[in-house]
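Notes to accompany the following structure.
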Amino acid sequence: MQTSTLKKSVSLLLGLCFFATSALAQRVEVTADKPEFDDLQSPELGGNTGKKKWDPKDWLEVEVKLKLQAKPEPKDGFVDNLQIRWFVAVEDPVGKGYFLLEKDVTYVNIPVDEEVFASVYLAPSTIKRLTGGDRAGKQAVWGVAGEVTYNGTKVAEFSSKPTKEWWKSTKLARTDKFPLMSKGDTPFKFLWWDRYLQEQEGRR
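Just so we're aligned: 9 in full-length UniProt numbering is position 9 of the sequence shown, and the numbers increase by one with no gaps anywhere.
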């Protein structure tokens with residue numbers, strides 16, 4: 001009985017080692033374009049729930065285009081997941097300098113050798129707090145950037161500014177007052193579905 005149990009344990013350990021080695025052996029390369037950011041009005045999603053009088057306000061969308069290569073290429077043509085740490089630097093509305101906003105988002109079912117997009121957002125209330133108005137949130141943005149990681153290793157980065165790794169500057173103040181939001185937490189969740197990477201629920 002003990003011998004049988006030992007054999008099963010050894011087989012299980014060998015299997016786990018095989019899968020772990022396979023995952024580590026896969027090399028992933030990501031090409032990231034220069035990110036873009038712009039104002040988007042709140043979409044009308046009322047459906048048949050009745051009409052309500054409202055004036056759509058602006059959201060700020062930050063978007064980047066990505067393309068992934070994997071060697072050896074997965075048989076199903078997909079990589080399980082990627083992570084992006086987003087950075088957005090905005091002007092301090094009541095003083096001098098800039099705040100750095102951060103957001104970690106995990107994306108799943110990443111297609112290989114296909115152009116895909118990822119995005120984060122600032123809500124209308126955040127824009128108004130930054131600018132004092134309901135429009136032109138992008139005017140408050142100094143720069144956007146991101147770091148793409150796979151299995152804990154950085155495989156790409158992107159930035160709207162030429163300065164290398166400006167988001168690591170100690171001159172940028174960190175704050176949670178102006179939260180970045182993933183696409184799945186906004187009214188844009190169900191829009192342009194095939195354009196964007198799938199976000200992992202519960203880990204945005």
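For every residue, glycine included, the Cβ atom is placed at its ideal position computed from N, Cα and C.
- CA-to-CA, the gap between TRP86 and SER159 works out to about 10 Å.
- Inclusion of LYS171 and PHE117 in the CB contact set at 9 Å is not warranted, their separation being larger than that value.
- Contact check for TYR107 and GLN26: beta-carbon distance about 17 Å, past the 8 Å limit, so the pair fails to qualify.
- Taking C-beta separations shorter than 8 Å and ignoring five residues to either side along the sequence, the partners of GLN139 in its chain run THR131, following chain order.
- In this structure, TYR98 lies away from GLU61, with their beta-carbon atoms at least 9 Å apart.
- The beta-bridge partner set that DSSP reports for SER182 consists of VAL120.
- Annotation for PHE78: ASN109, ILE110, PRO111 and VAL112 place their beta carbon closer than 8 Å to its own, counting only its chain and skipping 5 residues before and after.
- Sequence-distant partners of LYS71 (beyond 5 residues in either direction) whose C-beta falls short of 6 Å from its own C-beta, in its chain, are ARG27.
- Boundaries of the beta strand (DSSP E) around GLY143: 141–150.
- THR126 is the residue among ARG195, THR126, GLU147 and SER182 whose C-alpha sits nearest the C-alpha of ASP92.
- Taking the Cα of ILE84 as reference, the smallest distance to any Cα among VAL144, ASP194 and LYS52 is reached at VAL144.
- A direct Cα-to-Cα measurement between ALA156 and GLN41 gives close to 30 Å.
- Nearest Cα to LYS34 within the set LYS96, PHE178 and GLY146: GLY146.
- From the listed residues ARG195, LYS177 and LYS154, the smallest Cα separation to GLU29 is found for LYS154.
- Take the alpha-carbon of LYS164 and the one of THR149: they are about 17 Å apart.
- Distance between GLY202 and PRO56, taken at the CA atoms: about 28 Å.
- Excluding residues up to 5 positions away in sequence, PRO43 lie with their Cβ nearer than 8 Å to the Cβ of LEU191 in the same chain.
- Within the segment 49–100, the beta strand (DSSP E) runs of at least 3 residues that lie entirely inside it are, in chain order, 58–71 and 78–91.
- A Cβ-Cβ distance of about 6 Å is found for the pair LEU100 and TRP167, placing them in contact under the 8 Å criterion.
- Under the DSSP assignment, PHE158 falls in the beta strand (DSSP E) whose first and last residues are 153–159.
- Annotated three-state conformation of THR175 is coil, per DSSP.
- Counting other Cβ atoms within 10 Å of its Cβ, SER119 reaches 16 or more and is therefore classed as buried.
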